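Asker: These protein sequence lines are chains A and B, in that order. Residue numbers are given in numbering that gives the first Met the number 0: position 98 of the first sequence equals residue 97, and the series is strictly consecutive. Residue numbers are given in numbering that gives the first Met the number 0: position 95 of the second sequence equals residue 94, and the series is strictly consecutive. I have a structure I would like to understand better, so I am pasting it below and will then ask my questions one at a time.
Number of protein chains: 2
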Amino acid sequence: MSDKRVTRASREDALKALESLARQLTEQVLRGEGPALEVPVRTLANVIWDPRERLLKLGPKKLRRDFLDMGEARKFMQTVLMLSLIARAIREGDYPTIRDLYYAGKHTIEYIDEYNKLRREETWDTQKESDSVIQDIEVATGFLREHMGILHDTKGKMVGKIVIRSGNDVIDCSKMGDGAYSIPPNPDSLEILSLDADYVLVIEKDAIFNRLNKERFWEKHRCILITGKGQPDRSTRRMVRRLWEEHDLPVYVLTDADPYGFYIYSVYRSGSITLGYESERLATPGARFLGLTVTDIYDYKIPRNFIIKAKERDVKRAKELLNYPWFKQSKEWVRQLELFLEKQEKVEIEALSGYGFKFLTERYIPEKLSAGKWIE
Amino acid sequence: MSDKRVTRASREDALKALESLARQLTEQVLRGEGPALEVPVRTLANVIWDPRERLLKLGPKKLRRDFLDMGEARKFMQTVLMLSLIARAIREGDYPTIRDLYYAGKHTIEYIDEYNKLRREETWDTQKESDSVIQDIEVATGFLREHMGILHDTKGKMVGKIVIRSGNDVIDCSKMGDGAYSIPPNPDSLEILSLDADYVLVIEKDAIFNRLNKERFWEKHRCILITGKGQPDRSTRRMVRRLWEEHDLPVYVLTDADPYGFYIYSVYRSGSITLGYESERLATPGARFLGLTVTDIYDYKIPRNFIIKAKERDVKRAKELLNYPWFKQSKEWVRQLELFLEKQEKVEIEALSGYGFKFLTERYIPEKLSAGKWIE
């Protein structure tokens with residue numbers, strides 16, 4: 000496992016990387032050179048699929064952001080501005096959100112142009128611009144914004160026999176009653192003190208998570224239950240990755256039987272293509288899809304009046320998935336997606352409740368697991 | 000306070016109410032009468048504003064759901080079906096979601112019509128129909144679906160010096176590290192063992208909650224931090240209500256300075272007009288709006304380039320709010336909303352980061368609280 004392990008990093012490590020980047024720029028200036036940054040290209044053209052590690056990665060292409068290049072000067076200024084904002088936040092013990100950084104850096108620059116006219120320019124106009132620079136800094140330093148203590152919305156929650164330390168607190172996630180532990184923005188800051196589970200069960204839907212928690216499924220079946228409430232946020236993905244990577248736990252994903260559910264699985268497993276650079280730390284290449292599959296609809300004889308006709312966007316999404324390398328290379332996934340495209344039918348996980356409220360937890364999941372009926 | 004207190008109810012209490020309803024029906028049949036249910040009308044026409052309790056309530060109108068009335072027979076069947084599903088779930092220790100109940104009850108009824116023709120009818124076609132029957136059962140019995148152990152999506156999280164018991168677990172919400180306690184679907188099942196706080200601070204945005212938590216704001220300022228992540232779910236609202244009602248804690252709500260933020264405050268405070276019947280248990284009539292207000296935009300001299308032009312839907316929403324009794328009767332709210340309609344400008348809470356990342360927590364909130372500058 001050691002080759003795929005990504006070390007957890009502290010905020011101080013991130014600060015050092017930011018300072019080193021800034022030092023390079025200063026040295027260039029002191030040497031009388033125009034300062035320039037090298038940033039790996041984040042566009043689709045430079046995202047490559049690594050079949051050995053089963054991960055999306057950034058390719059070798061780098062762009063040179065040269066201060067003295069008119070086309071790059073604005074981006075250069077933005078990058079250095081963001082660099083200084085983040086470094087200052089770390090030094091002063093602040094934990095800004097990405098939106099805080101947008102406002103903290105937004106101001107109007109006034110300058111006199113070559114015709115002696117006063118001109119005004121915003122440091123950035125939209126948060127899209129400041130977010131993009133944060134991403135550049137992430138790929139240039141190799142640290143996630145989470146490592147830098149930049150906060151964002153979090154959706155994930157977790158229960159099970161796992162004891163963690165966060166700051167001075169020791170949290171036992173098997174003692175949350177009917178509630179759960181809300182996963183913090185930076186899961187790397189968590190120290191896993193003990194873990195007593197055989198696998199991780201990732202559940203698409205929050206309400207289903209609540210039901211399995213209420214039934215204490217995690218206790219009876221010795222697992223860690225996690226939900227990212229639909230499309231998962233970065234923190235949930237990182238938490239799942241850590242459990243798989245550092246503790247060798249198999250990871251199973253449970254969603255509706257529809258292309259949106261399959262896509263959610265895909266994000267846990269391999270990341271999103273447009274944010275390929277995150278996958279090295281956030282994706283879980285070993286994640287397995289437990290269900291519901293397209294064939295489940297017919298194998299479990301889901302009543303016809305429970306079946307939902309696929310929409311245009313489901314069909315479109317299924318065709319996209321067939322082009323992703325991690326689906327294309329899996330004979331079973333191709334079979335599932337082609338069956339979906341043929342039948343154009345989908346089913347929600349709650350449809351299993353037609354067989355009784357306990358069917359999901361007492362039959363479906365245990366049977367699938369013991370028969371090894373998951374898809375990779 | 001005792002007059003506004005609503006007793007917490009157990010699942011067994013809810014079951015008794017369901018059984019009593021069913022017993023009435025059986026007795027009607029045994030007496031040779033056509034069975035009929037009386038259900039309070041949930042439409043807008045029967046939602047009234049109680050100025051003394053500052054709450055939306057259902058008015059006195061009831062509808063009679065008569066099995067032998069052709070126009071009501073289907074709804075009657077649906078209500079009795081749902082009643083039996085919920086009662087069975089409680090007896091068998093199941094915790095279905097509202098969607099589980101939809102599927103568990105959905106089936107095709109075959110019958111021979113008066114022309115001797117085989118006809119088929121679905122018990123319900125959409126989840127909207129089964130959800131509507133659940134709401135009827137809530138108002139007919141006076142119990143929330145949460146009391147019946149019916150689960151749903153939950154969004155809320157909480158930190159601060161509050162120790163609660165949930166089942167056999169004792170949870171100290173001041174020991175969650177950078178994470179938080181994810182509020183369970185039925186907050187009434189929580190026993191509050193101890194509480195050491197001066198007020199509740201409800202935060203609209205999850206990322207801002209994470210920042211205040213990271214700064215341990217709740218510890219320095221002796222408060223309970225809660226977020227419902229935008230438009231709050233029922234569980235978050237019920238938790239806030241309990242802290243206000245049972246522990247006399249003042250409740251302050253912090254949102255963006257825009258009509259959507261004001262509306263979120265309104266939902267915590269008085270509930271939504273279309274679900275007026277929930278307010279008696281879920282609303283917090285004493286909730287105060289701390290900010291950001293429209294006047295804050297000008298009082299705090301928010302830079303012009305941080306101000307966002309209001310959209311059509313913001314203006315529409317502001318006009319709606321001006322018609323809500325709890326806004327209309329507040330001179331200060333009328334002033335704020337009229338100023339908004341005049342200027343048509345809004346601002347996000349993160350805009351305060353233009354004055355430094357600590358401005359919100361070290362200046363804005365403490366100053367507003369100590370000067371009593373909230374709106375009711």
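Ideal Cβ positions, reconstructed from N, Cα and C, are used throughout, including at glycine. Values in this document were obtained by computation on a predicted structure and should not be read as measured data.
Against chain A, which members of the stretch 114-136 of chain B pass a CB distance test of less than 7 Å?
Answerer: Cβ contacts with chain A: E121.
Asker: Of all Cβ atoms in chain B, is any one closer than 9 Å to the Cβ of H151/A?
Answerer: Yes, H151/A lies at the interface with chain B (some Cβ there is under 9 Å from its Cβ).
Asker: Using a 10 Å radius around the Cβ and a threshold of 16 neighbouring Cβ atoms, would you call L192/B buried or exposed?
Answerer: So L192/B ends up on the exposed side.
Asker: So what's R164/A in DSSP terms, helix, strand or just coil?
Answerer: Three-state DSSP puts R164/A in a strand.
Asker: Nearest-angstrom Cα distance between E37/A and S278/A?
Answerer: Their Cα atoms are separated by approximately 21 Å.
Asker: Looking at the secondary structure, which residues open and close the beta strand (DSSP E) in which I85/B lies?
Answerer: Here I85/B belongs to no beta strand (DSSP E); instead the alpha helix (DSSP H) covers M69 to R90.
Asker: Report the residue from G31/A, F75/A and S188/A whose alpha carbon sits nearest the alpha carbon of P20/A.
Answerer: It should be pointed out that residue 20/A corresponds to Leu in this sequence rather than to Pro. Cα-wise, what sits closest to L20/A is F75/A.
Asker: For Q77/B, is the classification buried or exposed, using 16 other Cβ atoms within 10 angstroms of its Cβ as the cut-off for buried?
Answerer: buried
Asker: In whole angstroms, what is the alpha-carbon distance linking I374/B and R119/A?
Answerer: 38 Å
Asker: How big is the Cα-Cα spacing for G33/A and D12/A?
Answerer: 27 Å
Asker: Using a beta-carbon distance cut-off of less than 7 Å, what residues from the stretch 349-373 of chain B approach chain A?
Answerer: Within the stretch 349-373 of chain B, the qualifying residues are E349, A350, S352, G353, F356 and K357.
Asker: In three-state DSSP terms, what is M0/A?
Answerer: Only weak support is given to the placement of M0/A: the predicted model assigns it a pLDDT of 34, under 50, and the value that follows is read from those uncertain coordinates. M0/A: coil per DSSP, three-state reduction.
Asker: For the alpha helix (DSSP H) containing G260/A, name the first residue and the last one.
Answerer: P258 to S269
Asker: So which residues on chain B does G166/A lean against when the C-beta distance must stay under 7 Å?
Answerer: G176 and D177
Asker: On the DSSP bridge assignment, give the partners of G290/B in chain order.
Answerer: L253/B
Asker: Could you list the residues in the stretch 72-97 of chain A with a C-beta less than 7 Å from some C-beta on chain B, going in chain order?
Answerer: A88, D93, Y94, P95 and T96
Asker: Touch check for the stretch 88-100 of chain A and the stretch 49-67 of chain A: three-plus C-beta pairs under 8 Å?
Answerer: no
Asker: Looking only at DSSP bridge pairs, what is A35/A linked to?
Answerer: The partner list for A35/A (beta bridge, DSSP) reads D65/A.
Asker: Would you say the stretch 132-145 of chain B touches the stretch 142-156 of chain A, given that touching needs at least three Cβ pairs under 8 Å?
Answerer: no
Asker: Under the DSSP definition of a beta bridge, which residues are partnered with I149/B?
Answerer: Residue pairing of I149/B in beta bridges, as defined by DSSP: absent, with no partner found.
Asker: Compare the C-beta of M0/B with all C-beta atoms of chain A and state if any pair is closer than 9 Å.
Answerer: Residue placement at M0/B is poorly supported in this model, since its pLDDT is 34, which falls under 50; the coordinates still yield a value, given next. So no, M0/B is outside the interface.
Asker: State the start and end residues of the unbroken beta strand (DSSP E) segment that holds R119/B.
Answerer: L117 to E121
Asker: Quick check on the DSSP output: the beta strand (DSSP E) that includes V201/A runs from which residue to which?
Answerer: From DSSP, the beta strand (DSSP E) with V201/A extends over Y198 to I202.
Asker: Examine chain B for any beta-carbon lying closer than 9 Å to the beta-carbon of I225/A, and answer yes or no.
Answerer: Judged by the 9 Å Cβ criterion, I225/A is not in contact with chain B.
Asker: Excluding the 5 residues flanking H246/B on each side, which residues of the same chain have their C-beta closer than 8 Å to its C-beta?
Answerer: I191 and L194
Asker: Report the three-state DSSP secondary structure of T235/B (helix, strand or coil).
Answerer: helix
Asker: On a CA-only basis, which of K372/A, Y323/A, W48/A and S352/A is nearest K300/A? Give me that one, please.
Answerer: Residue S352/A is the option with its Cα nearest to K300/A.
Asker: Does DSSP classify K342/B as helix, strand or coil?
Answerer: helix
Asker: Against P183/A, what residues of chain B qualify as contacts under a CB-to-CB distance less than 7 Å, listed in chain order?
Answerer: G176, D177 and G178
Asker: Under a three-way DSSP split, which group does T96/A fall into?
Answerer: strand
Asker: Under the DSSP definition of a beta bridge, which residues are partnered with C222/A?
Answerer: Y198/A
Asker: Would the beta-carbon of T226/B fall within 9 Å of that of P183/B?
Answerer: The answer is no: Cβ separation not under 9 Å.
Asker: Is H146/A close to chain B? Criterion is C-beta to C-beta, closer than 9 Å.
Answerer: no
Asker: State the Cα-Cα distance for the pair I106/A and F216/B, rounded to the nearest angstrom.
Answerer: Correcting the residue type first, residue 106/A is His in the shown sequence and not Ile. Distance between the alpha carbons of H106/A and F216/B: 28 Å.
Asker: Assuming K156/A is part of the beta strand (DSSP E), what are its boundary residues?
Answerer: K156 to V158
Asker: Would you verify that the beta carbon of H106/B is, or is not, closer than 9 Å to some beta carbon of chain A?
Answerer: yes
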